[in-house]
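Student:
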Amino acid sequence: MVIKVFLASSSGSTAIKKKQQDVVGFLEALKVDYAQLDIACNEENRMWMRENVPEEKKPANGIPLPPQIFNEESYCGDYETFFDAKEDNSVYSFLGLPPPPGSKAHAMDEEEQEEEDLQSEEEEELRQLEEEEEAEVQEEEEEDLEETQEEEAE
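Counting from 936, one number per residue, gives the positions in the sequence shown under this note's numbering.
1) In angstroms, rounded to a whole number, what distance separates the CA positions of residue 1079 and residue 1049?
2) Should residue 941 and residue 1002 be called a contact, given that it needs their Cβ atoms to be closer than 8 Å?
3) For the putative contact between residue 1014 and residue 954, defined by C-beta atoms under 8 Å, what is the C-beta separation to the nearest angstrom?
4) When burial is assigned at 16 or more other CB atoms within 10 Å of the CB, is residue 997 buried or exposed?
5) Is the beta carbon of residue 1018 less than 8 Å from the beta carbon of residue 1004?
6) Ends of the alpha helix (DSSP H) at residue 980?
Structure representation (structure tokens):
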């Protein structure tokens, strides 16, 4: 899985340059495997990015600005959603990547999995108890029915 970051190498906007640097710098700090795809020099990259940003994520003018982030073909988000994920410590989830071993998020994932496993075991035990109780009740009802039929026969 390669993260694709669509950038404009020759953007005249300092705001866009800062946002691009922020995304790239953060991915490098996390040692995330990513590729920078320039939309200023490569028309194919520009067209691909524009076609693959979901309609509901495009600005009013319909032309998304860099940086735009994808996990292979899957859209992750723009700078604003990246920034929100960074603030929430959920960048790996935002990128569609598993958290690295030893990370806080990875430890939380393991704890959640253990809790789910434990909950599943408890649910299974409860289901078995309910089935046993149901079988006992059914058995008692059958015995009662047999006794009633025997009494009626006498």
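Ideal Cβ positions, reconstructed from N, Cα and C, are used throughout, including at glycine. Note that this is a predicted model, so its numbers are computed, not measured.
Tutor: Working from what's here:
1) Each residue's Cα considered, the two are about 45 Å apart.
2) Closer than 8 Å, so yes.
3) That belief holds up - the Cβ atoms of residue 1014 and residue 954 are roughly 4 Å apart, short of 8 Å.
4) Exposed, because fewer than 16 other Cβ atoms sit within 10 Å of the Cβ of residue 997.
5) It is not a contact, given that the beta carbons lie outside the stated cut-off.
6) That run of the alpha helix (DSSP H) goes 978 to 987.
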